[in-house]
Structure formats: structure tokens, C-alpha cells
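Count the sequence shown with mature numbering (1 follows the signal peptide of the UniProt record, and there is no 0) and you get residues -19 to -1, 1 to 195, in order.
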Amino acid sequence: MDGVVWAVLVLLCAALATAQEPSENTVSGDDDDDCGTLEDYDGIACKSHEECYTLGQQCCGPDGKKTCRKTGLKTMPEEKHAPFLGLIPRECPRDPLPEPFPIRNCTSDADCWPRLCCPDGNRRFCRTALPLWDQLPAQRLFMPVRNMLAYLQCTPPPPPIYDLFPKVCRSTLDCFPNLCCQEQDRRVCRPPKKSVLALLATLGQRQRRGEWFG
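Structural data, given as C-alpha cells:
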């Protein structure tokens, strides 16, 4: 079973690593409407939200006078999603997979099919859905897949004060052994939930003991 799971893992990693982000994202610009009710009026000069992301703030104000500011915006609630093909219940990922598709804003699942429209901060983006494992029949049959996906799931970003210079990426090849993860309207390198290097070390030990297919 370990040999089969490893083979599938290698194929998934290869597919994610070779998926390249197009030159342009389908994401709306930095509108003042995104800023909501401003809490602070003094801040670092900026031109886009991305320049303020590591501060946990947004780029707000009239053109030529925009600064990074706290906005007091709350995360949007997640809406209910129709089952995939009417059979498989699914939800927005809490630990998302790297997205091989362009970054895209959305207002409903209809904008993203077969993906879901998921909240991220004060906006919504198309994200690859994960099944509700606990609601699937014959759950034990899906355990190898569920465990394998942990090597391909992104960890959340650290607090902004510890995330001053995140590495921007286009694909997982830019980050290996980490993953290229979408966070709002950007992609940055983040560690996976489970380390691929630790998996390789474990498989190497089993091979030396003759337990590769054990």
C-alpha cells in the first residue's frame, strides 16, 4: 500500500509543480470600496494591497496619497455549497491545496465551477474544494488519500510581524520542498502540513530494511 500511495503522491506533486500561473490574474484592482471603515489615517505610502499585506493592512486612500491602514474588516462568512455532481458534499478548504489555476475573484460558485467561491479576508476567491470526509460512505477506503493530501496542503501564514519577507512564487517548483500557496490575490511559499522530506526519509529507511512494500 505504501508503494501505491507514494506513486500517487509523486504524480500529484509533479502536476502541481509544473502548473504555471498565467501572466495576468482575474482579480479586481485595489478599490477604496475594499477598505471599509478606516481606523488609522497615518501609515506607510503604498500603491497596492500587496505592499501592505505583511502588516495585516490594506492600501487605501485617493490616488497618489494611498497609505497602509487598518480597516477593521471581518472575514466574510462561507455560504452553503451544492454537492459535486449532486453526490459528493464539499466545503471551502481550511488547509488549501496549491492552486494550479489563475487567481480569480468571485461572487458565487457559478463563477468558479467546478471549484468553489470561498471567503478570504474581506473578498472571495475561487478555490479547489475538498470533500467532507466525515460524510463520505466507506470512510476507511479514503484514509490513504486523506493522509496523502496532508503533504500537499498549505499551512496558514504566520502573524504579519513574523512574515515580513514571504517568497513570492509562480509554481511549487519555486518553493520545493515547500508549496506555492494562494493567499488572497498573491502566491507565496509556505510549508506543507506534513513534510515531504520527512516522508522521503521514512521511505528510505523502509527500503534499507526491505520494507518498501510492507
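Idealized CB from N, CA, C, for every residue including glycine. Since this is a predicted model, take the numbers as computed values, not measurements.
Among the candidates the options, whose CA atom is the shortest distance from the CA of residue i?
i, options, result
"R75", "P125, C99, I84 and T88", "C99"
"E80", "F157, M129, E72 and R151", "R151"
"L113", "G45, P138 and R127", "R127"
"residue 197", "F157, Y132 and L180", "The displayed coordinates of the chain run from -19 to 195. Any statement about residue 197 would go beyond what the structure contains."
"L154", "P141, E60, R168 and R71", "R168"
"E72", "N103, T48 and D115", "D115"
"A110", "K61, Q120 and R121", "K61"
Kindly indicate the opening and closing residues of the beta strand (DSSP E) around residue i.
i, result
"F123", "Unbroken run through F123 is the alpha helix (DSSP H), Q120 to L130; no beta strand (DSSP E)."
"L97", "L97 to D101"
"L160", "L160 to E164"
"T48", "T48 to R50"
"F106", "R104 to R108"
"C170", "R167 to R171"
"Q39", "Q39 to C41"
For residue i, count the other beta carbons within 10 Å of its own beta carbon; 16 or more makes it buried, fewer makes it exposed. Which is it?
i, result
"P43", "exposed"
"K47", "buried"
"L130", "buried"
"R85", "buried"
"G45", "exposed"
Considering only residues of the same chain and omitting the five flanking positions on each side of residue i, which have a CB-CB separation below 7 Å?
i, result
"W87", "The question names Trp, but residue 87 is Cys in the sequence shown. Once the five neighbours on either side are set aside, the close Cβ partners of C87 are C93, C98, R105, F106 and C107."
"P172", "T136 and N159"
"F123", "W114 and L117"
"P3", "Unreliable placement is indicated for P3, whose pLDDT of 43 sits below 50; the coordinate value is still reported in the next sentence. Closer than 7 Å at Cβ, skipping near neighbours: P83."
With a threshold of 8 Å on Cβ separation, who are the neighbours of residue i within its own chain once the five nearest residues in sequence on each side are excluded?
i, result
"K148", "D155, C156, V169 and C170"
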